[in-house]
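Engineer:
Number of protein chains: 2
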Amino acid sequence: MSDFPKFVEIHEEGPREGFQIEKKVYPIEERIELIDILSDSGLKRIQVGSFVSPKYVPQMADTGELFQRIKRVDGVKYTALWLNDKGFRKALTAHNVDIDPRLLFYPSDTFSRQNNNASSLEMREKQRDWIRLYKAEGLTVDAAYVMTAFGCNFEGDIPQERVLDDFRFLLNLCEEEDIPVPILIIADTMGWGNPEAAKRMIGALRDMAPGARIGMHIHDTRGMGLAIMYAAMSMGVDMFESSIAGLGGCPFAGHGHARAAGNISTEDAVFMCQELGIETGIDLDTLIAAALKTEAIIGAPLMGRVMHSGGLKSYRQGK
Amino acid sequence: MSDFPKFVEIHEEGPREGFQIEKKVYPIEERIELIDILSDSGLKRIQVGSFVSPKYVPQMADTGELFQRIKRVDGVKYTALWLNDKGFRKALTAHNVDIDPRLLFYPSDTFSRQNNNASSLEMREKQRDWIRLYKAEGLTVDAAYVMTAFGCNFEGDIPQERVLDDFRFLLNLCEEEDIPVPILIIADTMGWGNPEAAKRMIGALRDMAPGARIGMHIHDTRGMGLAIMYAAMSMGVDMFESSIAGLGGCPFAGHGHARAAGNISTEDAVFMCQELGIETGIDLDTLIAAALKTEAIIGAPLMGRVMHSGGLKSYRQGK
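Here you go:
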C-alpha cells in the first residue's frame, strides 16, 4: 500500500527563497548567523543565495560576500541559484560555492518569460546548452526541475501531460547527451498542488522513468504542504526542498500576499518525518532555534508551527 | 487503495474553541457578526459557545446572549458545549440552542481531572448517567469523543489500546442502554497525531465497530493537521471539526503558546476538499470573509493559509 522511505533528504532553501521575496534587505550579519545555526542542525544542503541580477533581486546582491563569511561545516553543501550564464559564471568564480548543476523546465510559458525572459520552448532547448556548459566545467547535472508542476498563477491549472512532456524531453536529452538521469524534481512553485495530484504525478513519472530518483519542491501557499509531502513519501519520494520557518516564495510568481507564499517549513517537515519514524539526520531543536532566529530577523510572525508549539520531546521526557 | 468520501461534513468550532483560549473577552457584537457570516457559508453546524463556569472560562459567560442575538439560518444547527449537568441544564433552557448530546472519554487521567475534575474511570462511568439524562429529555446521543487520542501534554503518548478501550466501553454501553452507536470521534485535542497514527487508529476502530461512522477533531498544533485529515479521508472518514482561520485550543490543555494550538482551519480544510473533488456544500469565499473578520477581531495574524493566499477560483477564471 505505501512505500515510505527510511531516510529523507531535506534541502534548506530558506536563506535564498526566504529573503528574496521580502521587500527589505536584511543585515548580512543576521543572515550569516542564521546560516551558521542551520549548518549545525545536520542539514546537508543549504541554498545560501542566488547570483541573479541585483537590479531585479536587490536582496541577493551580497550573495558572494555571504559565501565568504559563513562558517562552513564539513559535509554540508552550500549552494546557490543562478538563472543564466552570467549568474553561473559568478557562482563558479565566487568563493566557496558548492555548484549543484541543475536544469529548469517551465511548462508555463508566461512564468518562463517572467522568470527567464524566454519562452517555455526556448528554455527547453537551452537545457541542452546547460548540459554542455556543465560538462565543459567537469560538472554532472544534479537535478532537473519542472516548475509550476500543478498550476500557475498566470496560466491556471497545468495539465499533467505537459509536465510529463518536459520530463520526457529531459530523459531524451540525457540519452542524447549521454549523461545520467538527474533527480527529477516536481516543483509546486506556486502552491497549486494537492496530495492526490502529487501521487498521480509521481506514479506517472515512475512509469516513465522507473529507475530515477524523484524529489519535490513544495510551497505551502494553501495549507496542504505537509499533506503533499506525506503523500509523496508514501510513494517513496525521499528528497524535499523546504524553508526554515516556512519562509519563501518566488518574487515573480504573482502572489498577492508574499507571506502566504512560503515553502513548507523545514522544522515542520523534519518533525513530521520524526513522528513517522523516518530518519533525516537533522536535529529538531537546532532547527527551531534557527526558525526563531529567522522570525527575529524578519520581525513578524512566520508560518512555521513547530517553531511556536515546540516538538514533543520535552513532553515525552518530562513525565 | 483509498476510499475517499464523496461528501464531507465540516463542523465549525471557531466561535467556541477560538475565543475561549484567548485571554481577552471580545465584543459580543463582533462575535455575532462573525457567526452570521459563518451561517451564510453553507456550514450546517456551528458551535456558538459553551455553558461552562464563567469563573474558569470568563470568555464564554455571554453564550446565552450570543444564542439570542445571532441570525439563525434554516438548516444550520447552532450548538454549544457543556461539561457538566449544570452546563447542560443551562444549554437546555437557553434560547435557541440546538442540543447535540455527546459523550466524552478521557484516556488521559490528568487531562480528565484538569478538564472535568474527575478521573478517567469516573468520567467513563458518568457517561452512563449522561445517556440516561439525554434519554430522559427525549434526546439521542449524537457523538462520542475520545479526547487526546494520540497524546497528551500531561501524560505523553497515549497508547492506541487505551483509546480503543474507551471506544469498546462505549460500544458496550450503547448495547446495555439500548441506544444506537453515535458518531465515533477521534479527538487529537493537543496535536500529537500524525497521518499514519490516524490511519492505524481508524483501521482498528473500523475493525471494532464496522458499521459506525467515524469523525475527527484535529488540532494543527504542529503543522500536520491537513495531512491527518487527508489520511483520514483516504480511509473514508467524512466528518471533521475545524475552526475558522485556524483559531482555537483548549485553555486547560497545557499548551505553552496559545496561538500555536489551533484547530485545523475551516477554510483550508474546505479548500483541500474542493481540490480533491470532495463536496462540502460550503462556499470558500464566504469562509475567507469570515476568517478575515476573525483576524480583525483578534487583531493579530492568524494561522489559516487560504485566508491569506486566496483560493484558486479567481486565477482559474481569470485565464
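Taken in order, these protein sequences are the chains called A and B.
Mind the numbering: the first sequence is residues 410 to 728 in our numbering, read in order.
Mind the numbering: the second sequence is residues 410 to 728 in our numbering, read in order.
Just so it is clear, CB atoms sit at the ideal spot from N, CA and C, and this is done for glycine as well.
Under the assumption that B:I637 contacts B:I627 (Cβ atoms under 8 Å), give the Cβ distance between them as a whole number of angstroms.
Structural biologist: Here residue 637 of chain B refers to the residue found at position 228 of the second sequence. Here residue 627 of chain B refers to the residue found at position 218 of the second sequence. Right, the Cβ-Cβ distance comes to about 5 Å (below 8 Å), so this counts as a contact.
Engineer: Do A:R577 and A:M625 have their C-beta atoms within less than 8 Å of each other?
Structural biologist: The residue labelled residue 577 of chain A in the question sits at position 168 within the first sequence. The residue labelled residue 625 of chain A in the question sits at position 216 within the first sequence. No, they are not a contact pair.
Engineer: Rank A:I594, A:R631 and A:L452 by C-alpha distance to the C-alpha of A:L513 and give the top, closest one.
Structural biologist: Residue 513 of chain A sits at position 104 when you count from the first residue of the first sequence. Checking every option, the nearest Cα to that of A:L513 belongs to A:I594.
Engineer: At a Cβ threshold of 8 Å, is A:R615 touching chain B?
Structural biologist: Numbered from 1 along the first sequence, position 206 holds the residue referred to as residue 615 of chain A. With 8 Å as the cut-off, A:R615 does not count as an interface residue toward chain B.
Engineer: Comparing the C-beta of B:H666 with each C-beta of chain A, is any distance below 8 Å?
Structural biologist: Counting from 1 along the second sequence, the entry for residue 666 of chain B is found at position 257. Since pLDDT at B:H666 reaches only 46, below the 50 mark, its modelled position is unreliable, and no value is offered.
Engineer: A:R714 versus chain B: which residues are under 8 Å apart at the beta carbon?
Structural biologist: Sequence index remark: in the first sequence, residue 714 of chain A carries index 305 (1-based). Those are D629, T630, R631, G632, A669 and M712, listed as they occur along chain B.
Engineer: How about the region 426-438 of chain A and the region 467-474 of chain A: do they share at least three Cβ pairs that are nearer than 8 Å?
Structural biologist: Segments in contact, yes.
Engineer: Since A:G657 and A:E422 are thought to touch, with beta carbons under 8 Å apart, how far apart are those beta carbons, to the nearest angstrom?
Structural biologist: Numbered from its first residue, the first sequence carries residue 657 of chain A at position 248. Numbered from its first residue, the first sequence carries residue 422 of chain A at position 13. Yes, they are in contact, since the Cβ atoms of A:G657 and A:E422 sit about 7 Å apart, within 8 Å.
Engineer: Mind listing the chain B neighbours of A:E684? Cutoff is C-beta to C-beta under 7 Å, in chain order.
Structural biologist: As a first step, residue 684 of chain A must be located in the first sequence, where it is residue number 275. The answer, in chain order, is N603.
Engineer: Rounded to whole angstroms, what's the CA-CA distance from B:S652 to B:D507? Just pull it up for me.
Structural biologist: If you number the second sequence from 1, residue 652 of chain B lands on position 243. If you number the second sequence from 1, residue 507 of chain B lands on position 98. Rounded to the nearest angstrom, the two C-alpha atoms are 19 Å apart.
Engineer: Along the chain, where does the beta strand (DSSP E) containing B:L593 start, and where does it finish?
Structural biologist: For the purposes of this step, residue 593 of chain B is taken as the residue at position 184 of the second sequence. Segment I592 to D597, the beta strand (DSSP E) holding B:L593.
Engineer: Return the CA-CA distance between B:E586 and B:R537, expressed in angstroms with no decimal places.
Structural biologist: For the purposes of this step, residue 586 of chain B is identified with residue 177 of the second sequence, where counting begins at 1. For the purposes of this step, residue 537 of chain B is identified with residue 128 of the second sequence, where counting begins at 1. Distance between the alpha carbons of B:E586 and B:R537 is about 8 Å.
Engineer: Give a yes or no on whether the minimum CB-CB distance between B:Y487 and chain A is below 8 Å.
Structural biologist: What you label residue 487 of chain B is simply residue 78 of the second sequence in a count that begins at 1. No, B:Y487 does not count as interfacial toward chain A.
Engineer: From which residue to which residue does the beta strand (DSSP E) around B:H628 run?
Structural biologist: Here residue 628 of chain B is taken as the residue at index 219 of the second sequence, counted from 1. Run containing B:H628: none; DSSP gives neither H nor E here.
Engineer: Report whether the distance from the Cβ of A:V417 to the nearest heavy atom of the ligand NAD is below 7 Å.
Structural biologist: In the structure on display, the ligand NAD does not appear, and there are no ligands present to speak of.
Engineer: For A:N562 and A:F520, I'd like the C-alpha separation in whole angstroms.
Structural biologist: Locating residue 562 of chain A in the first sequence gives position 153, where the first residue counts as 1. Locating residue 520 of chain A in the first sequence gives position 111, where the first residue counts as 1. Spanning the two alpha carbons is a distance of roughly 8 Å.
Engineer: In whole angstroms, what is the alpha-carbon distance linking B:V485 and B:I455?
Structural biologist: Numbered from its first residue, the second sequence carries residue 485 of chain B at position 76. Numbered from its first residue, the second sequence carries residue 455 of chain B at position 46. One C-alpha to the other measures close to 7 Å.
Engineer: By the 10 Å Cβ neighbour count, where 16 or more other Cβ atoms means buried, how is A:P463 classified, buried or exposed?
Structural biologist: Stepping through the first sequence from its first residue, residue 463 of chain A is reached at position 54. Per the 10 Å Cβ criterion, exposed.
Engineer: Confirm, please, whether the CB-CB distance from B:L701 to B:K673 is below 8 Å.
Structural biologist: Here residue 673 of chain B refers to the residue found at position 264 when the second sequence is read from its first residue. Here residue 701 of chain B refers to the residue found at position 292 when the second sequence is read from its first residue. Strictly speaking, residue 673 of chain B in this sequence is Ile, with Lys absent from that position. No; because the gap between Cβ atoms is not below 8 Å, this pair is not in contact.
Engineer: Can you give me the Cβ contacts of A:K544 inside the same chain, cut-off strictly under 8 Å, excluding the 5 residues immediately before and after it?
Structural biologist: Locating residue 544 of chain A in the first sequence gives position 135, where the first residue counts as 1. If we look at A:K544 and ignore the five residues flanking it on each side, its Cβ neighbours are E586 and I588.
Engineer: Take A:A641 and list the residues in its own chain whose beta-carbon comes closer than 7 Å to its own, dropping the five residues that flank it on each side.
Structural biologist: The residue labelled residue 641 of chain A in the question sits at position 232 within the first sequence. Taken in chain order, the residues that qualify are A607, I611 and M625.
Engineer: Judging by CA-CA distance, which residue of A:L579, A:G565, A:R425 and A:M633 is the nearest neighbour of A:E605?
Structural biologist: The residue you call residue 605 of chain A lines up with position 196 of the first sequence. It is A:M633 whose Cα lies nearest to the Cα of A:E605.
Engineer: Would DSSP call A:L721 helix, strand or coil?
Structural biologist: As a working note, residue 721 of chain A is residue 312 in the first sequence. Here A:L721 sits in coil by DSSP.
Engineer: Report the neighbours of A:M556 on chain B: residues whose CB is nearer than 8 Å to its CB, in chain order.
Structural biologist: Working through the first sequence from its first residue, we reach residue 556 of chain A at position 147. By Cβ distance, chain B contributes nothing, its closest Cβ being about 16 Å from A:M556, past 8 Å.
Engineer: Report the residue from B:G547, B:G720 and B:L530 whose alpha carbon sits nearest the alpha carbon of B:L696.
Structural biologist: Translated into positions along the second sequence, residue 696 of chain B becomes position 287. Out of B:G547, B:G720 and B:L530, B:G720 has the C-alpha closest to the C-alpha of B:L696.
Engineer: With a threshold of 8 Å between beta-carbons, can B:R522 be considered close to chain A, or not?
Structural biologist: Residue mapping note: residue 522 of chain B aligns to position 113 of the second sequence, counting from 1. No, B:R522 lies away from the interface with chain A (no Cβ there is under 8 Å from its Cβ).
Engineer: Taking buried to mean at least 16 other C-beta atoms within 10 Å of its own C-beta, is A:R425 buried or exposed?
Structural biologist: By one-based count along the first sequence, residue 425 of chain A stands at place 16. The residue is buried, with at least 16 neighbouring Cβ atoms inside 10 Å.
Engineer: Would you check if the distance between the CB atom of B:Y487 and the CB atom of B:F497 is smaller than 8 Å?
Structural biologist: Translated into the one-based positions of the second sequence, residue 487 of chain B becomes position 78. Translated into the one-based positions of the second sequence, residue 497 of chain B becomes position 88. Cβ distance not < 8 Å, so B:Y487 and B:F497 don't count as in contact.
Engineer: What is the DSSP secondary structure of A:W491, counted as helix, strand or coil?
Structural biologist: For this step, residue 491 of chain A is matched to residue 82 along the first sequence. If DSSP states are grouped into helix, strand and coil, A:W491 belongs with the strands.
Engineer: Using a Cβ-Cβ distance cut-off of 8 Å, determine whether A:G423 contacts chain B.
Structural biologist: The count along the first sequence starts at 1 and reaches residue 423 of chain A at position 14. A:G423 does not count as touching chain B.
Engineer: Quick check on DSSP: helix, strand or coil for B:K608?
Structural biologist: In the second sequence, residue 608 of chain B corresponds to position 199, counting from 1. Residue state, collapsed to three classes: helix.
Engineer: Going by Cα to Cα distance, which pick from B:D694, B:P568, B:G451 and B:G427 is closest to B:S718?
Structural biologist: Here residue 718 of chain B corresponds to residue number 309 of the second sequence, with the count starting at 1. Comparing Cα-Cα distances from B:S718 to each of B:D694, B:P568, B:G451 and B:G427, the minimum goes to B:D694.
Engineer: Tell me the DSSP secondary structure of A:I623 in three-state form.
Structural biologist: Sequence index remark: in the first sequence, residue 623 of chain A carries index 214 (1-based). Looking at A:I623 - three-state DSSP - the assignment turns out to be strand.
Engineer: A:M712 to A:A654, Cα distance in whole Å?
Structural biologist: Counted from its first residue, the first sequence places residue 712 of chain A at position 303. Counted from its first residue, the first sequence places residue 654 of chain A at position 245. The straight-line gap from Cα to Cα measures roughly 6 Å.
Engineer: Name the chain A residues whose beta carbon is nearer than 7 Å to that of B:G473?
Structural biologist: For this step, residue 473 of chain B is matched to residue 64 along the second sequence. Ordered by position in chain A, no residue passes the 7 Å Cβ test against B:G473, which lies about 33 Å from the chain.
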